[in-house]
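Structure first, commentary second.
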Ligand SMILES: [Zn+2]
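Numbering (my numbering), first residue to last: -13 to 581.
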């Protein structure tokens, strides 16, 4: 008999997040919605008049953005609870329309500000009484060559809602409509394959179980290859259209330049990681030996190499372990973390039509939220450490910065999360140092973190670079083109140690992050920075923790590269990635000697 998921209403309340902390009732949400509609109208009335009082216009736009921040958090997270519920769908869609209206209502602001004399803008930027907006104005001046006349900006803002369609189609298809098959689990029971149990099944020591899950997932997507290619091509076309409209050389440049990330950071990453592929092959050979298989397949990559050492734990035990592992960050950090666990931040378990995966969502002036699809193992604990890392970063930035300077850049977004993961792993390696089996098991986990966060995400980054490049060079993004690109990359990265299964060519279709173009490389750069920071915290304790909290508290009050320098890392040099690759190679060697 198939084991079907619980519906949202059947879930135990103590494991649900408290979106009521944003709006206690539906009526409160509706009231805020109506206020935002009014604020949008008053914002629109600034059109053509910004020069009369640019400061007030900026402050009004900021206040509207804060209102939308709360509405978005509530409406979109409610939908993520159950994507099949028409009421939740309706609220989210209605909010998206409001968001687009707001985007359109403020679209004239930047062009009108840019039309002011540069001296006026610089004077505002340098005025201590207007310091909350100094970074906003500095970034605005950087955008000058890429900002369009007011009418065109308005048109672009209205087109945003259309350009979001590929991403909406993807999540509806993947989370709700995807007809995943029943597969056999470790106990010989038939279970419905879901995004949530897919990773558990791939972790199975029973090779038939993980092969069937892999074939089931990839095979299902494969049946929709043309649809998925058209959907993803839509996202690529939108990115290229926006880049060209704004006179950037490429979609990648359009993504990186506004964050003040030089493209060399991206290319250095590809170069440094690809130079370290022999170490990945060495790791895969250790894996092949430990699993005792003739040929390693793509579905053999996730299963722990050390048999009979399961680290099963409940959600509560996982939370305790995370607090233990993050103890080097000091008592204050841990106390806040505990407040988060107890304070309705986290939505723990999977339910029917809940959004897959895990994320952290900041809500300024309320508290951060974490969506999990928790599994009772070490991976589940690492996910908690990871997402709470995001949430704590949000908490520190929100507590120390005004709204206009609170939201940290995407480039540093994965640093706090992975720093937590690395600290937790280092803690466990120490705790179990006299136990050879546990030592090998934990090294396996850390090697996997490197493989999935640095190697895998860098491979994704290469895919994105090439997919956008294909389209920019005028080639069609057909299913065949995308599949063969993705397959070729898998051969390049894994071919030295793995029999690269044909159906892996379809894996790109299930990666939600491809709908946030040029996002994933930051996992790899972030991981490398995190390895460096965690190292320093363990070595130096107090001064390193103090510097790290300065980084966490910085929000976007300084450029991201500068914020990382607060914590002692310089990403403009290849050192951090190269250093991380050295650590990886060293753990592979340790692993060899342990077996
Ligand atoms: Zn993350």
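Yeah, the Cβ is synthetic: ideal placement off N, Cα and C, and Gly gets one too.
Whole-number beta carbon distance between residue j and residue i, since they are thought to touch under 8 angstroms
| i | j | result |
| --- | --- | --- |
| residue 564 | residue 73 | With 8 angstroms as the limit, residue 564 and residue 73 do not qualify as a contact, their Cβ atoms being about 51 angstroms apart. |
| residue 24 | residue 93 | Their Cβ separation, rounded to whole angstroms, is 18 angstroms, which puts residue 24 and residue 93 out of contact at 8 angstroms. |
| residue 451 | residue 238 | 6 angstroms |
| residue 221 | residue 501 | 5 angstroms |
| residue 418 | residue 428 | 6 angstroms |
| residue 207 | residue 495 | 4 angstroms |
| residue 242 | residue 249 | 6 angstroms |
| residue 484 | residue 284 | 6 angstroms |
| residue 411 | residue 435 | 7 angstroms |
| residue 376 | residue 7 | Contact doesn't hold; Cβ gap of about 18 angstroms is too wide. |
| residue 447 | residue 510 | 7 angstroms |
| residue 384 | residue 312 | Rounded, the Cβ-Cβ distance is 19 angstroms, inconsistent with contact. |
| residue 469 | residue 211 | 7 angstroms |
| residue 85 | residue 158 | Not quite, the Cβ-Cβ distance comes to about 18 angstroms (not below 8 angstroms), so this is no contact. |
| residue 309 | residue 324 | 7 angstroms |
| residue 223 | residue 505 | That belief does not hold up - the Cβ atoms of residue 223 and residue 505 are roughly 17 angstroms apart, past 8 angstroms. |
| residue 490 | residue 204 | 7 angstroms |
| residue 571 | residue 265 | 4 angstroms |
Any non-hydrogen atom of ligand 1 within 7 angstroms of residue i CB
| i | result |
| --- | --- |
| residue 383 | no |
| residue 400 | yes |
| residue 499 | no |
| residue 157 | no |
| residue 376 | yes |
| residue 353 | no |
| residue 372 | yes |
| residue 403 | yes |
Delimiting residues of the alpha helix (DSSP H) encompassing residue i
| i | result |
| --- | --- |
| residue 108 | 104 to 112 |
| residue 125 | 120 to 129 |
| residue 347 | Segment 345 to 347 is the beta strand (DSSP E) holding residue 347; no alpha helix (DSSP H) there. |
| residue 197 | 193 to 208 |
| residue 153 | 151 to 158 |
| residue 292 | Taken as a continuous stretch (DSSP letters only), residue 292 belongs to no alpha helix (DSSP H), as it is neither H nor E. |
| residue 320 | 317 to 328 |
| residue 436 | 422 to 436 |
| residue 264 | 263 to 277 |
| residue 392 | 389 to 392 |
| residue 15 | 12 to 30 |
| residue 443 | 442 to 458 |
| residue 132 | From DSSP, residue 132 is part of no alpha helix (DSSP H); its letter is neither H nor E. |
| residue 469 | 465 to 480 |
| residue 96 | 95 to 100 |
| residue 397 | 396 to 399 |
| residue 351 | That residue, residue 351, is in no alpha helix (DSSP H); it is neither H nor E in DSSP. |
| residue 5 | No alpha helix (DSSP H) contains residue 5, which DSSP labels as neither H nor E. |
| residue 213 | 211 to 231 |
| residue 34 | Element bounds for residue 34: n/a, residue is neither H nor E. |
| residue 521 | 507 to 526 |
| residue 239 | 237 to 242 |
Per DSSP, the bridge partner or partners of residue i
| i | result |
| --- | --- |
| residue 178 | 168 |
| residue 298 | 363 |
| residue 574 | Note: residue 574 sits in no beta bridge, so no partner. |
| residue 332 | 356 |
| residue 283 | 485 |
Start and end residues, beta strand (DSSP E) containing residue i
| i | result |
| --- | --- |
| residue 355 | 355 to 357 |
heavy atom of ligand 2 below 7 angstroms from residue i C-beta
| i | result |
| --- | --- |
| residue -9 | This structure does not include ligand 2; its bound ligands are ligand 1. |
### Query
What are the start and end residues of each continuous alpha helix (DSSP H) run of 4 or more residues lying completely inside the region 40 to 80, in chain order?
40 to 67
### Query
Which ranges does the beta strand (DSSP E) cover as unbroken runs of at least 3 residues, wholly within the region 536 to 560, from first to last along the chain?
none
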